[in-house]
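In what follows, a structure is listed as structure tokens, so that the remarks can point back to it.
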Amino acid sequence: MQKIKGSCLCGGVAFEVTNAFDKLFFCSCDQCRQITGSAFASNLFAAAESFVWLSGADDIVTYQVPGRDISKSFCRICGCGVPWPSSDGSKMVVPAGSLSREPDFAERVRIFVSEQPNWSTGIERVSAHDRFPA
Ligand SMILES: [Zn+2]
Ligand SMILES: [Zn+2]
């Protein structure tokens, strides 16, 4: 099975995982909005045994939302989101944006759409540019 690598922005934290994900979840829940500072989180799930840290595991900070099954792991140097284990430890939750190339997945699913902020809806109809607009 092919592997895919990922890292944080400073490169300190790096990992490798089997590139055969089931679903890519776009989560618009309130917690993911705050955790990412953006409209939704983009997360893939991998079997824990298919995942290995290559470097920087000691630089990872994890915040667990009190009383909820939600957590956020990030590099303490650059603040980038990095993978974290599911609550039962059977899966690794992998932020899609941390991967070095396009992941292979079966399907994309949007979840918690009722909590999606209005400012991010209809994005296909927003004026688009390759750089900052002139
Ligand atoms: Zn980093
Ligand atoms: Zn969420």
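Taking our numbering, the leading residue of the sequence shown gets 54, the next gets one more, and so forth.
Glycine is no exception: its CB is placed at the ideal position from the N, C-alpha and C atoms.
TODO: Starting from the N-terminal end, write out each residue whose C-beta falls within a distance shorter than 5 Å of any non-hydrogen atom of ligand 2.
DONE: Matched residues: Cys80, Cys82, Cys85.
Task: Simplified DSSP state of Gln84, which is helix, strand or coil - done: If DSSP states are grouped into helix, strand and coil, Gln84 belongs with the helices.
- [ ] Give the C-beta separation of Glu156 and Met145 to the nearest angstrom, bearing in mind that I take them to be a contact with Cβ-Cβ under 8 Å.
- [x] It is worth fixing the name first, because residue 156 is Pro in this sequence and not Glu. At roughly 13 Å, the Cβ-Cβ gap does not stay under 8 Å, so Pro156 and Met145 are not in contact.
Open item on the list: Quick test of the definition: if touching needs 3 or more C-beta pairs under 8 Å, does the segment 82-90 touch the segment 106-115?
Closed with: They do not touch, by the three-pair rule.
Task: Span separating the alpha-carbon of Arg129 from that of Asp112 - done: Computed Cα separation, rounded: 6 Å.
Task: Per-residue burial, Val66 [other beta carbons within 10 Å of its own, 16 or more giving buried] - done: A residue is called buried once 16 or more other Cβ atoms fall within 10 Å of its Cβ, and Val66 is buried on that count.
- [ ] Determine the burial state of Val114: buried for a count of at least 16 other Cβ atoms within 10 Å of its Cβ, exposed for fewer.
- [x] That one is exposed.
Open item on the list: I need the residues with a C-beta less than 6 Å from some heavy atom of ligand 1; please give them in chain order.
Closed with: With the criterion CB distance below 6 Å from any heavy atom of ligand 1, the matching residues run Cys61, Leu62, Cys63, Gly65, Val66, Cys128, Ile130, Cys131, Cys133 along the chain.
Open item on the list: I need the straight-line Cα distance from Phe127 to Glu177, nearest angstrom please.
Closed with: A direct Cα-to-Cα measurement between Phe127 and Glu177 gives close to 30 Å.
TODO: Tell me whether Asn171 is buried or exposed, calling it buried when 16 or more other Cβ atoms sit within 10 Å of its Cβ.
DONE: When all chains shown are included, Asn171 counts as exposed.
TODO: Determine the DSSP secondary structure at Ala92, reduced to helix, strand or coil.
DONE: Here Ala92 sits in coil by DSSP.
- [ ] Assign Glu160 to one of three DSSP states: helix, strand, or coil.
- [x] Glu160: strand per DSSP, three-state reduction.
Task: Burial state of Phe79, where buried means 16 or more other Cβ atoms lie within 10 Å - done: Taking every protein chain shown into account, the CB of Phe79 has 16 or more other CB atoms within 10 angstroms, so this residue is buried.
Open item on the list: Considering just the uninterrupted stretch of the beta strand (DSSP E) at Ala149, what are its terminal residues?
Closed with: Looking at the DSSP string, Ala149 is not in any beta strand (DSSP E), and its letter there is neither H nor E.
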